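Each remark here refers to the structure printed beneath this line.
Here's what the structure looks like:
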């Protein structure tokens, strides 16, 4: 029934089952308190966010007493802040929100104050404002309306019927570039609050009971999701900050382990080899006496010599002869630099394909072509890009590569070789400018689709009756 339609008369006992559908709470027991004007809901981690002109509040709920493993994150627009005096005479300033209450198929709007009722038997009190004229109270009885069940929290309805809500999202980034600006723009267009957090200005309080991330002298609030855009030069510290968010329980689009593994080119190739993902023949050695053998392991010239720490095509050299390869390797060794030697895939002809994987799907792909006379196809080095249709084998390879690193978002770079696609690199922080420009797709929107689906509450296991 619509909230605007006339309501049938109802009888309430002193306790009833109700639902709060706009908050994602399908069943909760509420105690009727005619002595209170406004209803009260048990909430914790209560924090405001959003613009000052229309502030919102983020909070979490434990609707089942004794089941703290059930956590329902909520957000709502603040309509007021009131001083409320409890039955024991204590006064407390509380945020007030408006939401829908459902009972026996009827729905109507009610006002609710948010407070920590953790020590109380009832997780919700129903005040006079929620008890409209069509409700009469029978103080000697309870559950006069149809009884609901906490079993609903153990079903898939927890995710499928969770309401859309405003999220508070952090972007870990030091740069004001296209990708960061698009993440803020698209998130705000969807009603979310997106905050850019400079990774290097974060620090951590590491303890077992209350792990925290601090920023510019203050504890960072609870975020619904974190989107890491960590620069290669600060990977170790950025991963440590991300691990702290993971410890807190915040959903991170890409996990710290996947980012660290993808940034270590040697480790990344070992992971792909273990997953039997096609890639150019690769060799690595630490001893300067093994130059000849390392070249023989890969094959004949031309060869690619690549610094392990290289990004955006920097530190990648094409050696067209064996002698040139030996010279490059000796020069890198003289700098005490770690590097890989790889087979040069001639048939790729200076082109590669970037497949963007989000949420287990290839959402876009583009072909990148190197600048005139350059074998590297990186857009940062003057290359060009255009949309391309990929084969099923290329799509499957990209998905397997992203899955091998457990990345929810990845740019998988591959070459079209005679023996099938060869993965060059898995980028855990892919840029959006080139691929949105070349394909015309709203890639960032697809990322937010994934985030909005993933932050919905998860079902809990039923406990066996004693």
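Numbering (UniProt numbering), first residue to last: 1 to 466. Glycine is no exception: its CB is placed at the ideal position from the N, C-alpha and C atoms. Predicted, not measured: the structure shown is a model, and the values here were computed from it.
Three or more beta-carbon pairs separated by less than 8 Å link the region 446-462 to the region 353-364, which places the two stretches in contact.
Contact between the region 389-406 and the region 268-285 is established, with three or more Cβ pairs separated by less than 8 Å. In the three-state DSSP reduction, residue 102 falls in the strand class (E or B). Per DSSP, the beta bridge partners of residue 39 are 112. Annotation for residue 187: the continuous alpha helix (DSSP H) segment containing it runs 178-189. Between residue 142 and residue 13, the CB-CB gap stays under 8 Å.
Counting only runs of at least 3 residues, the region 328-361 fully encloses the following beta strand (DSSP E) elements, listed from N- to C-terminal order: 339-343 and 351-358. Looking at 116, 53 and 263, the one whose alpha-carbon comes closest to that of residue 236 is 263. For residue 245, the closest C-alpha among the options 183, 176, 271 and 172 is that of 172. By alpha-carbon distance to residue 431, the top candidate from 220, 339 and 181 is 181. Here residue 116 has 44 as same chain residues with Cβ atoms under 6 Å from its own Cβ, once five neighbours each way along the sequence are excluded. As DSSP reads the structure, residue 19 sits in a beta bridge with 102. Comparing alpha carbon positions, the residue from 127, 426, 387 and 269 closest to residue 35 is 127. The beta-carbon separation of residue 95 and residue 57, rounded to 5 Å, stays under the 8 Å limit for a contact. Within the region 420-465, the complete beta strand (DSSP E) segments at least 3 residues long are 420-427, listed from N- to C-terminus.
For the 8 Å CB-CB criterion, residue 59 and residue 221 do not form a contact.
Looking from the CA of residue 234, the closest CA among 201, 148, 219 and 190 belongs to 201. In this structure, residue 107 sits away from residue 93, with a CB-CB distance that is not shorter than 8 Å.
Here residue 388 is not bridged, per DSSP, to any residue. Beta-bridge pairing by DSSP links residue 366 to 354 and 387. Distance from the CA of residue 23 to the CA of residue 10, rounded to the nearest whole angstrom, comes to 23 Å. Per DSSP, residue 235 is one residue of the alpha helix (DSSP H) stretching across 235-248. By the Cβ-count criterion, residue 130 is buried, with 16 or more other Cβ atoms from all chains shown falling within 10 Å of its own Cβ. The residue from 345, 271, 342 and 452 with its alpha-carbon nearest to that of residue 358 is 452. The three-state reading of DSSP puts residue 265 in helix, counting H, G and I together. For residue 31, the enclosing beta strand (DSSP E) has its first and last residue at 25-32. With respect to the 8 Å criterion, residue 269 and residue 282 are classified as neighbours on the basis of their beta carbons. The shortest C-alpha to C-alpha distance from residue 333 to any of 284, 368 and 318 is the one to 284.
Here the alpha carbons of residue 110 and residue 254 stand approximately 39 Å from one another. When rounded, the separation of the alpha-carbon atoms in residue 122 and residue 76 is 22 Å. Straight-line spacing of the CA atoms in residue 70 and residue 63 works out to 8 Å. For residue 136, the enclosing beta strand (DSSP E) stretches over residues 135-137.
Secondary structure at residue 253: coil, using DSSP grouped into helix, strand and coil. For the pair residue 328 and residue 298, the CB atoms are not nearer than the 8 Å cut-off.
Contact annotation: residue 257 and residue 406 have beta-carbon atoms nearer than 8 Å.
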